[in-house]
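Engineer: I am attaching a structure below and will ask some questions about it afterwards.
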Amino acid sequence: MKLLHPFLYLFVLAGSLFILAVSFGEILWGASVGSGPHWSERMFDGICHRIPDRTYSSGNLLMAVNTRCFGVFAGMAAGFILMPLLKKFTVGNRWPILLLLAAVAVQITDYAGNMFELWENTNHSRAVLGSLLGLSVPLSVSELFYQRKTIE
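This is the structure in structure tokens:
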């Protein structure tokens, strides 16, 4: 299968890696200077709530996003990295869309179960489930990047 839009693929891959790197916040980029939020946290304003007890930290340094968002960003980066290796299994198949729907359903179930106090999710469970959702997105759109072989 031929990559239809190599520049677009590289742009999206670089963008997902950039977002992942920025999501590490103070842990990777150092503590905030002065008052106010860290520059990396400002990038995610309106996207991620960053509740401190739902955010990975190292010492007093916090990530710029909560664990579920971090999982989504890590999964998306991994999905775009793996896309060329998995194209034979994803392009033209329905399972990536079914995986995406299942990942969304799992997110909703996990959120609802925690909200109704049926269970208590953890930072690690949020990150893992976020990764599943993030990974399923690039796999479900891989057909946009690759041309199927046609029989002539």
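Offset between the sequence shown (1-based) and the working numbering: plus 1300. Think of the CB as a built atom: it goes at the ideal place given N, C-alpha and C, for glycine as much as any other residue. All figures in this text were calculated on a predicted structure; none of them were measured in a lab.
What is the DSSP secondary structure of Leu1303, reduced to helix, strand or coil?
Structural biologist: strand
Engineer: Counting pairs of Cβ atoms below 8 angstroms between the region 1426-1438 and the region 1396-1410, do you hit three or more?
Structural biologist: yes
Engineer: Once the 5 residues before and after Gly1371 are set aside, which same chain residues still bring their CB inside 7 angstroms of it?
Structural biologist: Only Arg1426, Ala1427, Val1428, Leu1429, Gly1430, Ser1431, Gly1434 meet the Cβ criterion.
Engineer: Quick one: what's got a C-beta closer than 7 angstroms to Leu1303's C-beta in the same chain, skipping five residues either side?
Structural biologist: Tyr1309, Phe1445, Tyr1446
Engineer: Would a C-beta distance cut-off of 9 angstroms place Glu1455 and Ser1332 closer than the cut-off?
Structural biologist: Any property of residue 1455 remains undetermined from this structure, which presents the chain solely from 1301 to 1452.
Engineer: Determine the contact status of Leu1382 and Leu1439, defining contact as a CB-CB distance below 9 angstroms.
Structural biologist: yes
Engineer: Within the 9 angstroms Cβ cut-off, does Leu1385 reach chain C?
Structural biologist: Absence of chain C from the displayed structure is noted, only one protein chain being present.
Engineer: Where do the N-terminal and C-terminal ends of the alpha helix (DSSP H) with Asp1410 fall, by residue?
Structural biologist: 1395-1415
Engineer: From this set, Asn1414, Phe1324, Glu1420, Pro1306, which residue's C-alpha is nearest Leu1361's C-alpha?
Structural biologist: For the set Asn1414, Phe1324, Glu1420, Pro1306, the Cα lying nearest the Cα of Leu1361 is the one of Phe1324.
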